[in-house]
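Right, one structure below, let's go through it.
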Amino acid sequence: MRPKTNHRRRFILYAPAALATAAAVALAGCGSNSSAPSGGASGAPHQGGTLTVLEGASFAGAWPGLDPATDTDGAANQSYMNSIYGQLFELGTGGKITPDLATAYTFTNGGKTVVITLRKGVTFSDGTPFNAAAVLWNWNRDLAGTCTCKPVFLAKPVITQTGTYTVSLTLPYVNAPFINGIFDNIFNWIASPTAVQKMGEKAFALKPVGAGPFVVVSDAPSSQLVLARNPHYWEKGKPYLNKLIFKPVAADEPAYEAMLAGSGQVYEGMSTPQLVKTFQSHFTVTAEPSTSPYDIQLNTRAAPFNNIKAREAIYYATNAAQIDQKLFNNTYPVTQSFTAKAGLFYEPVVPGYIGYDLAKAKALVQQVGGINITLYTITSPVAEALDEALQTQWQAAGMHVTLKTFDLTGLIAVFQSHKWQAFLQTAGAYDPGTGVGVAFRFASYSPFTGVWDPKVDGMINAAASTIDNAQRTKDYADLNAYIAKMAYGPFLFPIAGYNIAAKGVAGPGLTTAIPTIVVLPGILWQDVYTSNG
Amino acid sequence: MSTSVTSGEPGTSSVEPSRPGGGTASRRLAGSPALRVIGRRVLIAIPVLWGVTFLTFIVLNALPGDAATALLGANATPAEIRAETIKLHLNESIWVRYWNWLVGLLHGNLGTSLYYNQPVTSILGQRIPVTLELVVYALVITFVVSVPLAIFSARRPRGVVDRASMVFSMASLSVAPYVLALLLILVFAVNLQWFPALAQGTGGDIRDLTLPAITLAIPLIGFYVRFLRADLLEQMSEDYTVTALAKGLSRWKVLSRHALRNSFIGLVTVIGLNLATLIGATVIVEQIFGLSGIGWELLRAINNRDVPLVEGIVLVFATIVVLVNLGTDLTYDVIDPRIRHGRSRS
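Chains as they are written, first to last, in this note's numbering: chain L, 919 to 1451; chain F, 21 to 366.
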């Protein structure tokens, strides 16, 4: 029986358009007057200038409103939110946590309480004070809301204002990744309580007030966000830029041409590895270090993957190195664990991990009486290319594989139906104990898991329940080994997003590498500058 | 002053002066073929618009996932999704939800966008002008280019202009709008720098609209040129044009003054029929050029399963198509008196 998604047919259907697009992009490369690739801005940072930042429409390029408490788009909106609200803590170069609106944190009470000290003398852009009362008000509002963007706790936290500039959060258990995970939830963004109360939630979402480096000039949701320098920003001499404009762009090719034409100076999250060289010929391209690899989720509650032999067959039939070589010219490091190099607790080689062996794969397929499965993934050129490569490899082992793609909403619905067999996924966190970390894909209490194993749940919880990093490293290594032993799902490699900057533009997370938060790194916009004025 | 005999109460009759343009005019108006066409079309439009919104509702509900899932994202737990489902009334049957939407519509309320949490009418109010300006601009370019090109092509069939227009038409009909847009940006935004590659603001500035309008117009020009040329050549073999030529009129005059008017009827029909395709193309073109119109918004709304917004946009699109087709019918009367008289007699 032929697979539903026929590779050759797809190629024939799309080849003319692909060739013409490639020709257009190649022509664009020839037609421009720009010369050598830029290494970012030259000289010391200086103040002034306007940047137009392009955001991919499929991820960050849509925003309904910018109130942290209702930010259902989560980390996708981080550039807007960080610019308007600043951050309590920032994730900087090399994964270093640096203070911003907070100055320090300490774990007390055996790790069950975290005390955060706030920066003194900071005001929101409406002139009201930024202090512990404001943080307390925001966090309580976040937790009282229904937004899934709020941090998830296993028990209700007790949040207390312990001083004018100190606030504490206490849980009945140790929550080691709290600070490491603050970047991918809304606790990191503090809104002006006075402005929210005065304007009302709806109006506030359209013209939010924070204590960040920029203030909102105008906001046409999902169309254009114009920000101007916050004259009352706490850090003297910053931000460098006078104006920051965010605009959505349809895809990588239009973004490239828009940048060539000068309609944008920054493009966040270019996601087509094949276009890297094209962008590099005119702009600064920075591969942002990914914190999580692509992984293949197997539904262990449904046939055929309720049988460990079928799962092992997938491991034996998957040649991640070959896919990396054929599709990406060996760009990405193959990994056997749930974190990537830029994330915490990275372990590239896992003891007991089942490697590629076609003969063994074929034998196992025969042994289980054949494997006939549907492999799902999200609608994205890279994910779809990976799916097709996996289909080819698995079919070589004698499996019958059908491919299906969905947008995010459709994908979630398939998960909820529990009627799925295999998913190609990517999602991760800087700390595997947070947000969309290891629990998201492997814990039985996650709606997006394929594994219902109490031992895995226990190991995940144990790893997050100690503030001893050495112990956490050991716990995650044990968990990696157990996932490999049970063949719960092989890992491929992390594919980073790329940030593109025009000549003369530089800044951390833009022209220097910062670990990604879910998908993209949090660019430190207050430090971004342009020498073009 | 004219007089008219009007019947009053039974058993009485009266002769009274009629107001200029009064009773007679209103009777004339009531009997007007154009008005009858409008009346008939409006009556037909009601079930058409209802059908479009109903089918859209059904199709959206058949898609995997719903607004609750889309809004809450990947982090949502089943309990949170259930709560959001109830909050958005998605737990009610599809018929109840459609009925509620329909009742709201009849009260001039298109509902609230589930994604933006703003009234649909306010979102449409911001986005419709951009799309309308784009579509009108594209049609103007199409008309201005294709009519002269078709006349020149028909003037000397298989001549240089005709062959060149044939090549242009084939090329323009073959190229996908996405690729065409990228090529236009490359030439006119990157190299010549005449127009921006992306819209600079959120409104419909003419410089922002020019490249997108040309992108939409080029395939239409290719089609209309071939269509109009063929029709003109057919007209040129009709008795009335042969007679005109025999009387000594130049081919150019016969083409432009006599044949063209008859060919316009077909062209107007095709424009009316093509409008839906043109509006559909705005979905892609608005995205590439960063225009904040309802085309791009429609795509976002579908991805977010934002049913009220999708319904609002589809209703606007359908209404435009219905109105343009009505306009097309009325234009026949202007172009061809035979149709007007035919209607008068019927």
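Yeah, the Cβ is synthetic: ideal placement off N, Cα and C, and Gly gets one too. This one's a predicted model, so the numbers in the text were calculated from it and none came from an experiment.
Requested in this report: Flag this pair as yes or no: are the beta carbons of Tyr1447 of chain L and Tyr1003 of chain L separated by less than 8 Å?
Outcome: Here residue 1447 of chain L corresponds to residue number 529 of the first sequence, with the count starting at 1. Here residue 1003 of chain L corresponds to residue number 85 of the first sequence, with the count starting at 1. Taking a C-beta distance under 8 Å as the contact criterion, Tyr1447 of chain L and Tyr1003 of chain L do not qualify as a contact pair.
Query raised in the report: Can you list, in chain order, the residues of its chain whose CB lies under 6 Å from that of Ala321 of chain F, leaving out five sequence neighbours each side?
Result: Against the second sequence, residue 321 of chain F aligns to sequence position 301. Leu329, Val330.
Query raised in the report: Of all the CB atoms in chain L, is at least one closer than 8 Å to the CB of Leu218 of chain F?
Result: Indexing the second sequence from 1 puts residue 218 of chain F at position 198. Yes, contact with chain L.
Query raised in the report: Tell me, which residues are paired with Gly974 of chain L by DSSP?
Result: For the purposes of this step, residue 974 of chain L is taken as the residue at position 56 of the first sequence. According to DSSP, Gly974 of chain L bridges with L:Val1167.
Report task. Note down, in chain order, every chain L residue with its Cβ under 8 Å from the Cβ of Glu100 of chain F. Result -> In the second sequence, counting from the first residue as 1, residue 100 of chain F sits at position 80. The contacting residues are Thr1064, Thr1066.
Query raised in the report: Is Ala1231 of chain L near Val1286 of chain L, with beta carbons less than 8 Å apart?
Result: In the first sequence, counting from the first residue as 1, residue 1231 of chain L sits at position 313. In the first sequence, counting from the first residue as 1, residue 1286 of chain L sits at position 368. Against a cut-off of 8 Å, the Cβ pair of Val1286 of chain L and Ala1231 of chain L comes out as a contact.
Requested in this report: Would you identify the three-state DSSP class for Phe309 of chain F, choosing helix, strand or coil?
Outcome: Along the second sequence, read from residue 1 onward, the residue named residue 309 of chain F stands at position 289. Of the three classes helix, strand and coil, the one that applies to Phe309 of chain F here is coil, per DSSP.
Requested in this report: Check each residue of the region 123 to 152 of chain F: if its Cβ is closer than 7 Å to any Cβ of chain L, include it; give the result in chain order.
Outcome: Tyr135, Tyr136, Asn137
Report task. Just mark Gly42 of chain F as buried or exposed, buried being the case when its beta carbon has 16 or more other beta carbons within 10 Å. Result -> If you number the second sequence from 1, residue 42 of chain F lands on position 22. In this prediction, Gly42 of chain F scores a pLDDT of 49, lower than 50, which makes its location untrustworthy; the coordinate-derived value is nonetheless stated afterwards. With fewer than 16 other Cβ atoms within 10 Å, it is exposed.
Query raised in the report: To the nearest angstrom, how far is it from the Cα of Ser189 of chain F to the Cα of Ile234 of chain F?
Result: Here residue 189 of chain F corresponds to residue number 169 of the second sequence, with the count starting at 1. Here residue 234 of chain F corresponds to residue number 214 of the second sequence, with the count starting at 1. In a straight line, the C-alpha of Ser189 of chain F is about 14 Å away from that of Ile234 of chain F.
Query raised in the report: Which residue or residues does DSSP assign as beta-bridge partners of Lys1161 of chain L?
Result: Translated into the one-based positions of the first sequence, residue 1161 of chain L becomes position 243. BP columns for Lys1161 of chain L point to L:Thr968, L:Ala1146.
Requested in this report: Assign Glu1306 of chain L to one of two classes, buried (16 or more other C-beta atoms within 10 Å of its C-beta) or exposed (fewer than that).
Outcome: As a first step, residue 1306 of chain L is located in the first sequence; it is residue number 388 there, counting from the start. Answer is buried; the Cβ neighbour count reaches 16.
Query raised in the report: Hey, how far is the Cα of Gly1288 of chain L from the Cα of Pro149 of chain F?
Result: Residue 1288 of chain L sits at position 370 when you count from the first residue of the first sequence. Residue 149 of chain F sits at position 129 when you count from the first residue of the second sequence. Each residue's Cα considered, the two are about 58 Å apart.
Query raised in the report: Quick one: does Ile308 of chain F have its CB under 8 Å from some CB of chain L?
Result: Mapped onto the second sequence, residue 308 of chain F falls at position 288. For Ile308 of chain F, the answer is yes, since a Cβ of chain L falls inside 8 Å of its Cβ.
Query raised in the report: Measuring CB to CB, does Ile66 of chain F end up less than 8 Å from Leu346 of chain F?
Result: Locating residue 66 of chain F in the second sequence gives position 46, where the first residue counts as 1. Locating residue 346 of chain F in the second sequence gives position 326, where the first residue counts as 1. No, Cβ-Cβ distance for Ile66 of chain F and Leu346 of chain F is not below 8 Å.
Query raised in the report: Helix, strand or coil for Ile291 of chain F per DSSP?
Result: Within the second sequence, the letter at position 271 stands for residue 291 of chain F. Here Ile291 of chain F sits in helix by DSSP.
Query raised in the report: Using a Cβ-Cβ cut-off of 6 Å (strictly less than) and excluding sequence neighbours within five positions of Thr339 of chain F, which residues of its own chain qualify?
Result: In the second sequence, counting from the first residue as 1, residue 339 of chain F sits at position 319. Around Thr339 of chain F: no qualifying Cβ.
Report task. Answer with buried or exposed for Trp119 of chain F, where buried requires no fewer than 16 other C-beta atoms within 10 angstroms of its C-beta. Result -> Position 99 of the second sequence, counted from the start, is the residue given in the question as residue 119 of chain F. Classification for Trp119 of chain F: exposed.
Requested in this report: Taking Asp1325 of chain L as the query, report the chain F residues whose CB atoms sit under 7 Å from its CB, ordered along the chain.
Outcome: One-based indexing of the first sequence puts residue 1325 of chain L at position 407. Per Cβ cutoff of 7 Å: Asn323.
Query - Between the CA atoms of Asn1000 of chain L and Asp1445 of chain L - distance to the nearest angstrom - result: Residue mapping note: residue 1445 of chain L aligns to position 527 of the first sequence, counting from 1. Residue mapping note: residue 1000 of chain L aligns to position 82 of the first sequence, counting from 1. Going by the C-alpha atoms only, they are around 12 Å apart.
Query raised in the report: Helix or strand or just coil, what does DSSP make of Lys107 of chain F?
Result: Translated into the one-based positions of the second sequence, residue 107 of chain F becomes position 87. Here Lys107 of chain F sits in helix by DSSP.
Query raised in the report: Closest by CA to Met1404 of chain L, which one among L:Leu1178, L:Pro1149, L:Pro982, L:Lys1227?
Result: Along the first sequence, one-based indexing puts residue 1404 of chain L at 486. Checked all of L:Leu1178, L:Pro1149, L:Pro982, L:Lys1227; the closest Cα to Met1404 of chain L is L:Lys1227.
**Report entry** According to DSSP, residues forming a beta bridge with Asp369 of chain F
**Finding:** This structure leaves residue 369 of chain F out entirely; chain F is present only between 21 and 366.
Report task. With DSSP as the reference, please indicate the residues paired to Gly1473 of chain L in a beta bridge. Result -> Absent from the structure is residue 1473 of chain L, since the part of chain L shown begins at 919 and ends at 1451.
Report task. Could you tell me which chain F residues have their CB closer than 8 Å to the CB of Gln1142 of chain L, listed as they occur along the chain? Result -> Here residue 1142 of chain L refers to the residue found at position 224 when the first sequence is read from its first residue. Gly221, Thr222, Ser312, listed in chain order.
Query raised in the report: Would you report the Cα separation of Thr1082 of chain L and Phe1025 of chain L, rounded to the nearest angstrom?
Result: Counting from 1 along the first sequence, the entry for residue 1082 of chain L is found at position 164. Counting from 1 along the first sequence, the entry for residue 1025 of chain L is found at position 107. C-alpha separation (whole angstroms): 19 Å.
Requested in this report: Tell me whether Ala1022 of chain L sits in a helix, a strand or coil according to DSSP, three-state version.
Outcome: Counting from one through the first sequence, the residue named residue 1022 of chain L turns up at place 104. Ala1022 of chain L falls in the strand class under three-state DSSP.
Requested in this report: Compare the C-beta of Lys1161 of chain L against all C-beta atoms of chain F and say whether one is closer than 8 Å.
Outcome: Within the first sequence, numbered from 1, the residue matching residue 1161 of chain L stands at position 243. Not an interface residue.
Query raised in the report: What residue range is occupied by the uninterrupted beta strand (DSSP E) comprising Gly1187 of chain L?
Result: Counting from 1 along the first sequence, the entry for residue 1187 of chain L is found at position 269. Start and end: 1184 to 1188.
Query - Selected residue, minimal CA-CA separation from Val334 of chain F, among F:Gln307, F:Leu204, F:Phe243, F:Val303 - result: Indexing the second sequence from 1 puts residue 334 of chain F at position 314. Of the candidates F:Gln307, F:Leu204, F:Phe243, F:Val303, the one whose C-alpha sits nearest the C-alpha of Val334 of chain F is F:Val303.
Query raised in the report: Hey, how far is the Cα of Pro1166 of chain L from the Cα of Ile78 of chain F?
Result: For the purposes of this step, residue 1166 of chain L is taken as residue 248 along the first sequence, with counting starting at 1. For the purposes of this step, residue 78 of chain F is taken as residue 58 along the second sequence, with counting starting at 1. Looking at the two C-alpha atoms, the distance is approximately 30 Å.
Query - Amino acids of chain L, ordered along the chain, whose beta-carbon sits closer than 7 Å to that of Gly315 of chain F - result: Within the second sequence, residue 315 of chain F is the residue found at index 295, counting from 1. Per Cβ cutoff of 7 Å: no residues; Gly315 of chain F is ~12 Å from chain L at best.
Query raised in the report: What separation, rounded to the nearest whole angstrom, lies between the Cα atoms of Ser953 of chain L and Gln1183 of chain L?
Result: Translated into the one-based positions of the first sequence, residue 953 of chain L becomes position 35. Translated into the one-based positions of the first sequence, residue 1183 of chain L becomes position 265. Residue placement at Ser953 of chain L is flagged as unreliable, the pLDDT there being 32, under the threshold of 50; the coordinate-derived value follows with that caveat. Gln1183 of chain L has its alpha-carbon roughly 16 Å from the corresponding atom of Ser953 of chain L.
Query raised in the report: Quick one, are the C-beta atoms of Ser276 of chain F and Ile238 of chain F less than 8 Å apart?
Result: As a working mapping, residue 276 of chain F is identified with position 256 in the second sequence. As a working mapping, residue 238 of chain F is identified with position 218 in the second sequence. Cβ atoms of Ser276 of chain F and Ile238 of chain F: not closer than 8 Å.
Report task. Sort L:Gly1440, L:Leu1193, L:Phe1409 by Cα distance to Gly1273 of chain L and report the nearest one. Result -> For the purposes of this step, residue 1273 of chain L is identified with residue 355 of the first sequence, where counting begins at 1. For the residues L:Gly1440, L:Leu1193, L:Phe1409, the minimum Cα distance to Gly1273 of chain L belongs to L:Phe1409.
Query raised in the report: For the candidate residues F:Ile226, F:Ser270, F:Thr89, whose alpha-carbon lies nearest to that of Ala158 of chain F?
Result: Here residue 158 of chain F refers to the residue found at position 138 when the second sequence is read from its first residue. Of the candidates F:Ile226, F:Ser270, F:Thr89, the one whose C-alpha sits nearest the C-alpha of Ala158 of chain F is F:Ile226.
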